[in-house]
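Visitor:
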Amino acid sequence: MRVLLLSAYDAASHQHWYRQLMAGLPHWDWTLLTLAPRYFSWRIRGNSLSWAFNERETLQRPYDLVLATSMTDLSALRGLVPALTQVPTLVYFHENQFAYPESDRAFKAVEPRILNIYTALAADRVLFNSAYNRDSFLAGAAALLKKLPDQVPPGVIGLLQARSCVLPVPLADASFEPALPGDASFAARWGAAGGEGDSAGSARPVRILWSARWEYDKGPQRLLAILRELETRQIDYRLCLLGQRFRHTPAEFDEIGVRFAHRLVQFGFAPTQQDYQAWLRSADLVLSTAEHEFQGLAVLEALAAGCLPVLPDRLVYPEFVPASGLYADGGNDIETEARHAACLIERQAARIAGSAPAVRPGENLSAQLRRRFAWASLKGDYESLLLAQAQAGAGA
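If you're matching positions, the sequence shown starts at 1 in the UniProt record's numbering and goes up one per residue.
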């Protein structure tokens, strides 16, 4: 099968998704076009113009299926390159423009949201990485259409709902490989801050992992409040703070780096994939403070590695984590939310302290997630759905 894959705003999570598809379905003929993830407002409006004239020859080749990310201005691209109107088209939503938290830094124009709707309408099939993503898109689109002054056709939301389904971004099968009990290299990572013992039966600080982009939508204020609360309660812990830093990083991270230096065992991006996986497999808990999350790949990877969850009861998390792993969403009351999170950290730490040395309490959840998110579990769904869409177009 010949597939044209369009990644119009080629962020790391998008790359993770399509690289697994291309590597996992190597018998298909893939053609990939990407645009760098920068100049957001221009990129989402200008990708159709850039591709239609810079990549016209590639776009006019014969394909069985077009697979595009939701950042693609698909309606304009199909208008500028009429040959694409004859090819079955499937759009994948990693995120939608309706569910981002409002802030002074946010791009608040209506146009990105309208483009999401146009792209979904221009596709034959629309996939979402989570039910939360799908539902927030449909609800946001409905609310926006109600605000428009006139000439809004009826039935748009029903049409979008009928062509939508959920198919998560897969996790690599290797993500579910278990930790090695008693691995000295794992223990040494966390012993670097304080030199605590790690032998069976000895008390040691609880190992907390936070892994996300160092940006405002990942809740740095909430993270700082939780760390303060842990100090107030005199909880003994070590913190591995992973994630990608950018040129403009929220000031809370600098404060954490100074004020909580005695707790930190890692502060910044893991240099290699092997190093990243080692941190995940050696941690006890994975903490999230996110204010926006459509699937949460980093959290899922930590849970797959055996971490226990300490996640807010909002966004996508209730879809894949039991209530026992969620702390109450405090909304704008960050201090109250921090107390809820600290209570959950204490409960999860008690579970770990009460378990046998060779047993990770998170292994049961990891096994459940393997069945839902591992590439081996999702490969057949991806292959059959994409083939069915291509064949439906061929028979039309």
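Even for Gly, the Cβ is constructed at its ideal location relative to N, Cα and C. Source: prediction; values computed, not measured.
Label H248 either buried or exposed according to how many other C-beta atoms from any shown protein chain fall within 10 Å of its C-beta, with 16 as the threshold for buried.
Guide: The count along the sequence shown starts at 1 and reaches residue 248 at position 248. Looking at its Cβ environment, which holds fewer than 16 other Cβ atoms inside 10 Å, H248 is exposed.
Visitor: For S41, does the count of other Cβ atoms within 10 angstroms reach 16, so buried, or fall short, so exposed?
Guide: The count along the sequence shown starts at 1 and reaches residue 41 at position 41. It is exposed - the Cβ of S41 has fewer than 16 other Cβ atoms within 10 Å.
Visitor: Pick from P149, P361, H14: whose alpha carbon is nearest that of V91?
Guide: For the purposes of this step, residue 91 is identified with residue 91 of the sequence shown, where counting begins at 1. Among P149, P361, H14, the Cα nearest to that of V91 is on H14.
Visitor: Where does T289 sit, in a helix, a strand or coil, going by DSSP?
Guide: Numbered from its first residue, the sequence shown carries residue 289 at position 289. T289: coil per DSSP, three-state reduction.
Visitor: Among F269, G296, F320, which has the Cα closest to the Cα of H16?
Guide: In the sequence shown, counting from the first residue as 1, residue 16 sits at position 16. Cα-wise, what sits closest to H16 is G296.
Visitor: How big is the Cα-Cα spacing for S324 and L285?
Guide: Against the sequence shown, residue 324 aligns to sequence position 324. Against the sequence shown, residue 285 aligns to sequence position 285. If I take the Cα positions, the gap works out to 13 Å.
Visitor: State the DSSP-derived secondary structure class of I235, mapped to helix, strand or coil.
Guide: Along the sequence shown, one-based indexing puts residue 235 at 235. When DSSP states are grouped into helix, strand and coil, I235 belongs to the coil group.
Visitor: What distance in whole Å lies between the Cβ atoms of A290 and L315, which are believed to be in contact at a cut-off of 8 Å?
Guide: On the sequence shown, position 315 is the one that residue 315 refers to. On the sequence shown, position 290 is the one that residue 290 refers to. Between A290 and L315 the Cβ distance is about 6 Å, and since that is below 8 Å, they are a contact.
Visitor: At which residues does the beta strand (DSSP E) containing G265 begin and terminate?
Guide: On the sequence shown, position 265 is the one that residue 265 refers to. Looking at the sequence provided, one finds Val at residue 265 rather than Gly. Here the beta strand (DSSP E) through V265 covers 264-267.
Visitor: Please report how far the alpha carbon of L25 lies from the alpha carbon of V3, in whole angstroms.
Guide: The residue labelled residue 25 in the question sits at position 25 within the sequence shown. The residue labelled residue 3 in the question sits at position 3 within the sequence shown. C-alpha separation (whole angstroms): 11 Å.
Visitor: Under 8 Å: do the region 152-168 and the region 134-143 share three or more Cβ pairs, one atom per stretch?
Guide: Touching, yes, given that three or more Cβ pairs across the two stretches are closer than 8 Å.
Visitor: Taking 7 Å as the cut-off, decide whether the C-beta atoms of F93 and A374 are in contact.
Guide: Your numbering for residue 93 matches position 93 in the sequence shown. Your numbering for residue 374 matches position 374 in the sequence shown. Cβ distance not < 7 Å, so F93 and A374 don't count as in contact.
Visitor: Based on the DSSP secondary-structure assignment, which residues constitute the bridge partners of V3?
Guide: For the purposes of this step, residue 3 is taken as residue 3 along the sequence shown, with counting starting at 1. Per DSSP, the beta-bridge partners of V3 are W30, L65.
Visitor: Can you tell me where the alpha helix (DSSP H) with Y18 in it begins and where it stops?
Guide: In the sequence shown, counting from the first residue as 1, residue 18 sits at position 18. Residues 12-24.
Visitor: Thinking just about the alpha-carbon of each residue, which of Q391, A388, E335, Q368 is nearest to the one in L171?
Guide: Translated into positions along the sequence shown, residue 171 becomes position 171. For L171, the nearest C-alpha among the options comes from Q368.
Visitor: Please classify K218 as buried or exposed, where buried requires at least 16 neighbouring CB atoms within 10 angstroms.
Guide: Taking the sequence shown and counting its residues from 1, the one referred to as residue 218 is at position 218. Label assigned to K218: buried.
Visitor: Please classify T89 as buried or exposed, where buried requires at least 16 other C-beta atoms within 10 Å of its C-beta.
Guide: Locating residue 89 in the sequence shown gives position 89, where the first residue counts as 1. Burial call: buried.
Visitor: Does DSSP put T272 in a helix, a strand or coil?
Guide: Mapped onto the sequence shown, residue 272 falls at position 272. T272 falls in the coil class under three-state DSSP.
Visitor: Under a Cβ-count criterion, where at least 16 other Cβ atoms within 10 Å of its own Cβ denotes burial, should E95 be classed as buried or exposed?
Guide: To locate residue 95, count along the sequence shown from 1; it is residue 95. Under this definition E95 is a buried residue.
Visitor: Excluding sequence positions up to five away, which residues of its chain have a Cβ less than 7 Å from the Cβ of P309?
Guide: Here the question's residue 309 lines up with position 309 in the sequence shown. V286, L303, V321, G325.
Visitor: In the DSSP assignment, the beta strand (DSSP E) including V310 goes from what residue to what residue?
Guide: Sequence index remark: in the sequence shown, residue 310 carries index 310 (1-based). Run containing V310: 308-312, per the beta strand (DSSP E) assignment.
Visitor: DSSP three-state call for L303: helix, strand or coil?
Guide: Working through the sequence shown from its first residue, we reach residue 303 at position 303. Helix, per DSSP.
Visitor: Find the nearest neighbour of Q60 within the set T85, L138, P37, judged by alpha-carbon distance.
Guide: Position 60 of the sequence shown, counting from 1, holds the residue named residue 60. Taking only the C-alpha atoms, the option nearest Q60 is T85.
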